[in-house]
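Undergrad: Here it is: the structure, laid out below.
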Amino acid sequence: MIVHRITILASLALAAITLAMPSAGNDGIGESITGKAEILGTDMIAINQQLIFLFGVDAPEERQPCFDENGKMWNCAVAAGKTLLDLVGDFDVTCMRMAPDWRRRMYGVCTANNKTINEEMIRAGMAMMIREETLDYESAENEARTAPRGLWRGAFDKPWLFRLTVSGQNQPLRKPAKVPAPVSIR
29 MIVHRITILA SLALAAITLA MPSAGNDGIG ESITGKAEIL GTDMIAINQQ
79 LIFLFGVDAP EERQPCFDEN GKMWNCAVAA GKTLLDLVGD FDVTCMRMAP
129 DWRRRMYGVC TANNKTINEE MIRAGMAMMI REETLDYESA ENEARTAPRG
179 LWRGAFDKPW LFRLTVSGQN QPLRKPAKVP APVSIR
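Numbering (this note's numbering), first residue to last: 29 to 214.
Here it is in C-alpha cells:
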C-alpha cells in the first residue's frame, strides 16, 4: 500500500515537472519577448540582450552598393537601418520566436506601434523576403517592387548573394532559419 502511494506521488511529481518544463520539441517556438529594442544591423535587433533576426527578412549589408534609377550609387544599408530605427522608434517591441537556432539567436516576427516590423521593412523596399522562411510578405515585396520603393528603385545584389561575394565562400553567412516549409505567420 505504501509503495503504491509512493509510486503514485512520484508519477504525479514527474508529470508536474514535465508540464512545467519547456517542450524540447518546439524549441521555444511561439514564445515572445517584449522590451525596448536596440538596432544591431539592418535586419537584426536585440531586446534584453536577446539577439533577434527578423524572420523572413534579408536587408542590405554594410558596404553593399546599391544604385538608384539614374545609376547613382547610394548607401542602401544606412537607409535600411534608418527605416528599421524609425519602425522601432521608442516603442516597446514584441518579437515572437518562429524558428529554433542552436546558437541561442532568435528568428522572430516583431511588432511595434501596431505594425509588423518584418513586413514593413519589405513594404518600404528596404529588405527582401526570404522565401525559404515564409511567403507571407509576398504582397508587400510586390508592392515595393511595383512602386518602386527602396532597393527596387534601381539595381542591387540580393543581400545573400552580396554576402557570398564578399566572404569568398560558397556558403551564405546567414542561412535561412530551419523550418520544414515556409511558415505562415497569419
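Ideal placement from N, C-alpha and C gives every residue a C-beta, glycine not left out.
None of the values given here were measured: they were computed from a predicted structure.
1) Is it right to say W180 is buried, meaning 16 or more other beta carbons lie within 10 angstroms of its own, or is it exposed?
2) Buried or exposed: which applies to G99, given that a residue is buried once 16 or more other Cβ atoms fall within 10 Å of its Cβ?
3) What is the DSSP secondary structure of S195, counted as helix, strand or coil?
4) Please look up how many angstroms separate the CB atoms of M72 and I80, rounded, as I've assumed it's under 8 angstroms.
5) If you follow the alpha helix (DSSP H) that G109 is part of, which residue opens it and which one closes it?
6) Taking the alpha-carbon positions, what's the K186 to M156 distance?
7) Quick check on F95: does DSSP put it in helix, strand or coil?
8) Quick check on the DSSP output: the beta strand (DSSP E) that includes R174 runs from which residue to which?
9) Who are the near neighbours of V121 in its chain, counting only those whose CB is closer than 8 angstroms to its CB and skipping five residues on each side?
10) Between which residues of its own chain and E171 is the CB-CB distance below 7 angstroms, once the five residues before and five after are set aside?
11) The beta strand (DSSP E) spanning R151 covers which residue range?
12) List the residues that DSSP assigns as beta-bridge partners of T122.
13) Who are the Cβ neighbours of F119 in its own chain at under 7 angstroms, not counting the five residues just before and after it?
14) From R133 to E161, what does the alpha carbon distance come to, in whole angstroms?
TA: The relevant details are as follows:
1) The count along the sequence shown starts at 1 and reaches residue 180 at position 152. Counting Cβ neighbours within 10 Å, W180 comes out buried, since at least 16 surround it.
2) On the sequence shown, position 71 is the one that residue 99 refers to. It counts as exposed.
3) Position 167 of the sequence shown, counted from the start, is the residue given in the question as residue 195. Of the three classes helix, strand and coil, the one that applies to S195 here is helix, per DSSP.
4) The residue given as residue 72 occupies position 44 in the sequence shown. The residue given as residue 80 occupies position 52 in the sequence shown. With 8 angstroms as the limit, M72 and I80 qualify as a contact, their Cβ atoms being about 7 angstroms apart.
5) On the sequence shown, residue 109 is found 81 positions in, with the first residue counted as 1. That run of the alpha helix (DSSP H) goes C104 to V116.
6) If you number the sequence shown from 1, residue 186 lands on position 158. If you number the sequence shown from 1, residue 156 lands on position 128. One C-alpha to the other measures close to 8 angstroms.
7) What you label residue 95 is simply residue 67 of the sequence shown in a count that begins at 1. Strand at F95.
8) Position 146 of the sequence shown holds residue 174. Just to set this straight, residue 174 is Thr in the shown sequence, not Arg. Unbroken run through T174 is the alpha helix (DSSP H), E166 to T174; no beta strand (DSSP E).
9) Locating residue 121 in the sequence shown gives position 93, counting from the first residue. Around V121: T62, G63, K64, A65, I73, I75, C138, T139, A140 and I145.
10) As a working mapping, residue 171 is identified with position 143 in the sequence shown. The residues are R151.
11) In the sequence shown, counting from the first residue as 1, residue 151 sits at position 123. Where R151 is concerned, there is no enclosing beta strand (DSSP E), although the alpha helix (DSSP H) it sits in stretches over I145 to R151.
12) In the sequence shown, residue 122 corresponds to position 94, counting from 1. According to DSSP, T122 bridges with T62 and T139.
13) Start at 1 with the first residue of the sequence shown, and residue 119 comes out as number 91. A140 and N141.
14) Taking the first residue of the sequence shown as position 1, residue 133 is located at position 105. Taking the first residue of the sequence shown as position 1, residue 161 is located at position 133. Spanning the two alpha carbons is a distance of roughly 15 angstroms.
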